[in-house]
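Asker: Just so we're aligned: the sequence shown equals residues -20 to -1, 1 to 613 in mature numbering (1 follows the signal peptide of the UniProt record, and there is no 0).
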Amino acid sequence: MQTILLIGALLSCWVHTSHSTTVMTQPAEGEEGNSTALWDFITLYEQQGDPDRPALEHDVAWLTLNVSTGFALQVWAQTHQCRNCPYVYVTDVPARATTTILVNTTYTTDIKFARAHPGGYQEDICSFTVTFREHGDYWLFMDYETAQQQTPCTLLLANDPTEAEMPILFVGLGLLGLAAFASMAFKIASCLQNSRFFRKSADITDPSQVSDSNNTFNLDKDSSVDLENGEAVGVEVEQKQKKPRLKSLDTFRGLSLVVMIFVNYGGGGYWFFEHPPWNGLTVADLVFPWFVFIMGTSMTFSFKSMYKREMTARAIVTKVITRSFKLFALGIVLNSSWGPVDLSGLRIPGVLQRFALTYLFISLIHLPFYRKNDSHKDRKWAPIRDVILYLPEWLVHLALLSLFLALTYALPVPGCPTGYTGPGGLSQYGVHENCTGGAARYIDVMVLGENHMFHYPTPQVIYHTKVSYDPEGILGTLTSIFLCFLGIQSGNILSFYQEHKGRIIRWLVWGLITGAIAAILCKCSKDDGWVPLNKNLWSLSFVLTTACFAFVLLTALYVVIDMLGWWGGQPFIFPGMNSIVVYFCHSIFWRVLPINWEVEPVHWKLLLQDVWGASFWVIVAYILYRKKIFVAL
């Protein structure tokens, strides 16, 4: 009877390491060798077929074990993602039998075979380290000679599996072709509209030509180029626009939102479109911080709009609190969308809740320091006045960073070493099993209660953690506030300096500064730095790294869209202009047609489904744009 087991979990960070065991492929026809008999056996076995062989899904391969010894073997394994973790028991392989198990292919795995003796004594027979290829057909033969001499294991690969990432290439090329076709079609339509046979009209695909009579459903009336509370915001187009709209901001927001939807819907089942188990950085980790960053950038224009309307400080504070409350409430609604609400176990933190708190605190901090006019253009320090004029605010945010570091590394946590920031569970061989996240988790438990936290954290599968941990917890709000402030810094650059060159240079300098500090803190290593990159903790190195990428991406979009005019931001600009609607709806309706349906769990089908899911909401955003409907909180 076949034994089916999935070794490890779905995630890996950074890159795969090379094979450290011998993997032999099938010799060419006519080629002789000592393993010819083994290949003949494999060929005969597969020709006869095995109905009990487990089905292949994504991220797995077959490992068939042929044991000719007179005793059973135990299989033990551990992934390299699990840092300083002991081997985990997998299964027993019966004597004189051929058994197939499923092995995970997303990361490097250590596997060993052992013989169990009476009294609990375990005799290691064979071990190896390998990164399996997806849908590979691996064989291992264990005979008396191998068992007695403890010779190195030799894996045989009986097929040549296709690279798992190939569907991404084909889908990417397809999307590029579709984009080129759509661009050509829009240009032809625009030429026809402007010809003498058609009445000249605005290009409905160009957000800069939106009619003044928009159907804007605003729960408050001052949006401008605003990111609303941090996560998703609509846009209210003023009737009289004195300056051309910065499309790069909406495009940045929309691009982040589309990638977020794609990731939330599954990312095609690829590990690099998922969050890492603990330390590290993947594509999935970028989009949330980018929203926080662009929120800060947009706040510069939001504050300017409110002061132009001569709103009092009290009115602005009231508006900020109201917005934050609405966004927090929407987040609670999303947390209850899984089924009947059990208030005793309702999760309180969340993505929108983190945005709400970040928006609230950053607004209240920024309000006293905001400068309505730029009256220092002639000073010697004018080239850096965007920093000099806000030095007091910088001190406040550096103080908040100091508080974050002090709580993270100096707050005593009962039963855990002070300053511990690891995943707990099997890490460090289980010594700190219930210390997941250290002070970050401890604060959440004390304030929120364990029942109101996230119960399925990312380290659960690989590290076998048994306690709850919330990646949107309280302590990480301090660093998200700092990231939002860096976004305000980018907005100040737009506000203070009008020349393209000046804006671009300053953004790139900030990207270099934040990236360099992050590299020093993490030592360019996943686990061995002073402050590793960690999205669960929102570590300082993580915030600075994502800020670095945000500065660079914003620069690139600004150059291509607003400076050179090579691209109008389509189609990402459309969800960027209605992001609260798109974000909320994609979270509510992700399980229904035409977004989701059951498909075979292989990469190319999952990838197509998830790309379609993200594209569906782009289409919805475009329809709202065509109807001139923009929603803001």
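Built from N, CA and C at the ideal position, the CB exists for glycine as well.
#1: Spatial neighbours of W546 within its chain, please: CB distance less than 6 Å, with the 5 preceding and 5 following residues excluded, ordered by chain position.
#2: Spatial neighbours of S(-1) within its chain, please: C-beta separation below 6 Å, excluding the five flanking residues on both sides.
#3: Quick check: the Cα distance between Q408 and I442, rounded to an integer number of angstroms?
#4: Buried or exposed for V489, going by 16 or more other Cβ atoms inside 10 Å?
#5: Of all the options H38, K481, G311, I500, which has the alpha carbon lying nearest to the alpha carbon of V579?
#6: Can you find the residues in the same chain that come closer than 7 Å, C-beta to C-beta, to S460, ignoring five residues on each side of it along the sequence?
#7: Does the stretch 497 to 510 come close enough to the stretch 544 to 563 that 3 or more CB-CB pairs lie under 8 Å?
#8: Starting from T71 and walking both ways along the alpha helix (DSSP H), at which residues does that stretch end?
#9: Which runs of the alpha helix (DSSP H), 4 residues or longer, sit entirely within the stretch 317 to 373?
#10: Look up W258 in the DSSP assignment and say whether it is helix, strand or coil.
#11: Please classify I541: does DSSP put it in a helix, a strand, or coil?
#12: Return the chain-ordered ranges of every alpha helix (DSSP H) run that is complete within the stretch 487 to 541 and spans a minimum of 4 residues.
#13: Considering just the uninterrupted stretch of the beta strand (DSSP E) at C106, what are its terminal residues?
#14: Looking at D72: is its Cβ nearer than 7 Å to the Cβ of Q58?
#15: Taking the Cβ atom as the reference point for each residue, do P141 and H583 lie within a distance shorter than 7 Å?
#16: Count the other CB atoms within 10 Å of the CB of L307; is the residue buried (16 or more) or exposed (fewer)?
#17: CB A41 to CB T79, shorter than 7 Å?
#18: Decide if C504 is buried, meaning its Cβ has at least 16 other Cβ atoms within 10 Å, or exposed.
#19: Indicate the three-state DSSP secondary structure (helix, strand or coil) for Y287 in the structure shown.
#20: Along the beta strand (DSSP E) that carries I609, what are the first and last residues, could you check?
#21: Does the distance from the CB of H435 to the CB of L406 come in under 7 Å?
#22: Please check the pair L369 and H356, which I expect to be a contact at CB under 8 Å, by giving their CB distance rounded to whole angstroms.
#23: Once you ignore the five residues that flank A336 on each side, which residues in its own chain have a CB closer than 6 Å to its CB?
#24: Roughly how many angstroms separate the alpha carbons of F166 and L237, rounded to a whole number?
#25: I believe A530 touches W270 by the beta-carbon criterion, under 8 Å. Please report the beta-carbon distance rounded to the nearest angstrom.
#26: Quick test of your reading: A420 and G453, contact by CB under 8 Å. State the CB separation rounded to the nearest angstrom.
#27: Touch check for the stretch 377 to 394 and the stretch 350 to 364: three-plus C-beta pairs under 8 Å?
#28: Among the residues of its own chain, which have a CB less than 6 Å from the CB of G248, if the five just before and after it don't count?
#29: I'd like to know if the stretch 240 to 260 and the stretch 589 to 604 are in contact, where contact means that at least 3 CB-CB pairs between them fall below 8 Å.
Answerer: The short version:
#1: V540
#2: With a pLDDT of only 46 at S(-1), under 50, the local geometry of the prediction cannot be trusted, and the value read off the model is given with reservation. Cβ within range, chain order: T109.
#3: 13 Å
#4: exposed
#5: H38
#6: V272, R334, T338, W518
#7: no
#8: Premise fails: T71 lies in the beta strand (DSSP E), 68 to 73, not in any alpha helix (DSSP H).
#9: 331 to 346, 365 to 368
#10: coil
#11: helix
#12: Qualifying alpha helix (DSSP H) stretches, in chain order: 520 to 537.
#13: 102 to 110
#14: no
#15: In this structure, H583 does not lie closer than 7 Å to P141 by Cβ.
#16: By the neighbour-count rule (16 or more Cβ atoms within 10 Å), L307 is buried.
#17: no
#18: exposed
#19: Secondary structure at Y287: helix, using DSSP grouped into helix, strand and coil.
#20: 609 to 612
#21: no
#22: 7 Å
#23: Spatial neighbours of A336 in its own chain (CB-CB distance under 6 Å, excluding positions within 5 residues in sequence) are listed in chain order as N209, S304, L307, F308.
#24: Cα to Cα, the separation comes out at about 24 Å.
#25: 5 Å
#26: 6 Å
#27: no
#28: H583, L586, L587, D590
#29: Using a C-beta cut-off of 8 Å, the stretch 240 to 260 makes contact with the stretch 589 to 604, since at least three inter-stretch Cβ pairs fall below that distance.
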